[in-house]
Every structure is written in C-alpha cells, then in structure tokens.
Amino acid sequence: MGKRKKVNDEEDNGACSTKYFLWPEHLDKPFADCILECFEKGLIVDGICKNGVYGLLARMMEAKVSGCGVKANPHVEGRIKKMEEDLASNDVHEKS
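Take the sequence shown: its position 82, counted from the start at 1, is 82 in UniProt numbering, and no numbers get skipped.
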C-alpha cells in the first residue's frame, strides 16, 4: 500500500476524518470531470499536463466540491499517477 501524506492537524479536512488525506471515492467523478475539462481546453495533450495544470485541477476541485481539501501536490499529482498505473495495469491484462 502507498504512503499516506500528512495534512493539517484539524479533525476534519473535508475529505476524510483523519490527519492523513485518503482519496475518497466520491471525489473520483468530479476529478474525472475536471481532467476532461482540462483536456478539452488543450491543457492536457497526449497524457502530458502543461505547467500549472495540477494547481488548476486543485482549484477546480475546490469549486466543484467545496471543502474537499485537495492540493495540487501531493493529492492531484498522486491521483494522476495512480490513475496512470491503473490504466497501464488494465492494458496489460487486456493484452494477455
């Protein structure tokens, strides 16, 4: 299992009730919508994010899900890496 990133010491950061940010499933759909918006604007090309996209995604998530506590680094960056790993894993299983 991956490392958990420590966030603020508040009891509730809007996304989970621990001092560690664990990406909850209810953020997946809004995050996918934000990624799609960036792709349509040309900010993500061939799977590569242009400069500032992680910060933009974090602001877009805050606008869609108020109080979600998502930060560009490590949350958005880590989630995108996780999604890439999952897609690569699915591609390997489909080819075999």
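By construction, the Cβ of each residue, glycine as well, lies at the ideal position given by its N, Cα and C atoms.
Original post:
Between the segment 30 to 40 and the segment 60 to 68, do three or more beta carbon pairs fall short of 8 Å?
Top reply: yes
Original post:
A58: which of Y20, A88, V70, F21 sits nearest, CA to CA?
Top reply: V70
**OP:** Starting from G45, follow its DSSP beta bridges and name the residues at the other end.
**Re:** Note that residue 45 is Val in the sequence shown, not Gly. Beta-bridge pairing links V45 to I48.
**OP:** Compute the distance between the beta-carbons of L22 and C38, then report whether it is under 8 Å.
**Re:** no
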